[in-house]
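Residue numbers (mature numbering (1 follows the signal peptide of the UniProt record, and there is no 0)): -18 to -1, 1 to 326.
Using N, Cα and C, we set each Cβ at its ideal position, and we do this for glycine too.
Notes follow once the structure below has been shown.
And the structure:
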């Protein structure tokens, strides 16, 4: 087994550090025909080290490599993320197969790249095959983030002492709006009169909102100052700023994507992170690579990870929601049973 990785910033760096190895896989069916897998991993804004979405994807690749062998080539977009198509193209050119794109923003480019490389299998985290133009050599790895966020709203409402909670979104896109919708619905399911204040760091098209902790802190501080005592951060790397605002205000926060209580570098932030809304990107990526290795990937399809598969949920690190776990579990089961329909 080989577990080598080079973290590359931008397409020029990736081109300059290309591997000379032969292609390790082929076909839209997704199979590794010979040798170790060569996995291409193109990150979302912020790259590895975001303590959230990107890191979870990398953890899934690491776990898969431990199981089936292979190497991974990492690539991060440039500052304005204008080189996403170049990253995918260069990974495919250099023989990486499968190629995994992390984040919905790749939806605009992955379909065209997949069409140009029919013998390479692509996957997109948070991207649907339909949105990419239905390439038959792509798999969409989707998550019912609204369901997980609903449980986050339940927890916030049960723990709030002021009757007011908040939401900070990184970029105002339909995907992040689904986090907001689920969170607000969950909070109001518990307390119909609760006040939910929701704000975004940047508008649609400006992806800097996912990697700007300073602005995240400013936005969250305003919500805390307005009376909220718990704020949910669906903001990627900017979420660290929300946690910092929680510390400064003596309030609490909810993380996103991974267990941020466990992943934050600064232990001073841990006491304010009462839970995180998990998207098990790691498990989804690991399963995709494992399926690719044994030839069982079905191209042209989406795989949806929801509460019924534990693809989304709440972290319990720190023990802050232990006293309300039974109530959270009750709402979870109602969603699984179809008794509650969570808005998107």
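Work out the CA separation of residue 152 and residue 248 for me, nearest whole Å.
21 Å
Quick check on this structure: which residue in 293, 244 and 274 has the alpha carbon closest to the alpha carbon of residue 265?
The candidate whose alpha carbon is nearest that of residue 265 is 293.
Based on DSSP bridge pairs, tell me the residues matched to residue 120.
104
Look at the Cβ atom of residue 234, then the Cβ atom of residue 228, and state whether they are nearer than 8 Å.
In this structure, residue 234 sits near residue 228, with a CB-CB distance shorter than 8 Å.
Beta carbon of residue 69, beta carbon of residue 59: below 8 Å?
yes
Same chain, Cβ closer than 8 Å to residue 147, neighbours up to 5 away in sequence not counted
Closer than 8 Å at the Cβ level, and outside the excluded window around residue 147, lie 135, 138, 139, 169, 176, 177, 178, 179, 210, 211, 212, 213 and 214.
Where residue 302 falls: helix, strand or coil (DSSP)
coil
Does the beta-carbon of residue 28 have 16 or more other beta-carbons within 10 angstroms, so that it is buried, or is it exposed?
buried
Extent of the continuous alpha helix (DSSP H) to which residue 63 belongs:
Taken as a continuous stretch (DSSP letters only), residue 63 belongs to no alpha helix (DSSP H), as it is neither H nor E.
Residue 278: buried (16+ other C-beta within 10 angstroms of its C-beta) or exposed?
exposed
Give the secondary structure of residue 21 by DSSP, where H, G and I count as helix, E and B as strand, and everything else as coil.
strand
Contiguous alpha helix (DSSP H) assignments of at least 4 residues, all confined to the region 172 to 238:
195 to 207 and 221 to 231
Can you find the residues in the same chain that come closer than 8 Å, C-beta to C-beta, to residue 254, ignoring five residues on each side of it along the sequence?
Its chain contains 225, 228, 229, 233, 234 and 235 as the residues whose beta carbon lies nearer than 8 Å to that of residue 254, once the 5 sequence neighbours on both sides are disregarded; these appear in chain order.
Could you pull out every residue in the same chain whose Cβ sits closer than 6 Å to the Cβ of residue 82, ignoring the five residues on either side in sequence?
23 and 105
To the nearest angstrom, how far is the alpha carbon of residue 402 from that of residue 240?
Shown here, the chain extends from -18 to 326; a query on residue 402 therefore has no answer.
Residue 311: first and last residue of the uninterrupted alpha helix (DSSP H) it sits in
In the DSSP annotation of this structure, the continuous segment of the alpha helix (DSSP H) that includes residue 311 starts and ends at 307 to 318.
Check the C-beta distance from residue 267 over to residue 42 and give it rounded, since I have them as a contact under 8 Å.
About 3 Å; that satisfies the 8 Å criterion.
Range covered by the alpha helix (DSSP H) that runs through residue 141:
127 to 141
Sub-8 Å separation of residue 220 and residue 191 beta-carbons
yes
Please confirm whether residue 132 and residue 182 have their CB atoms less than 8 Å apart.
no
So what's residue 146 in DSSP terms, helix, strand or just coil?
strand
Helix, strand or coil at residue 258 according to DSSP, with G and I counted as helix:
strand
Helix, strand or coil, according to DSSP, for residue 75 in the structure here?
DSSP places residue 75 within a helical segment (H, G or I) once states are collapsed to three.
Please return the same chain residues whose Cβ sits closer than 6 Å to the Cβ of residue 149, not counting the five positions on each side in sequence.
Contacts found: 162, 165, 180 and 214.
Short of 6 Å in beta carbon distance, which residues of its chain neighbour residue 203, apart from the five on each side in sequence? Order them along the chain.
227
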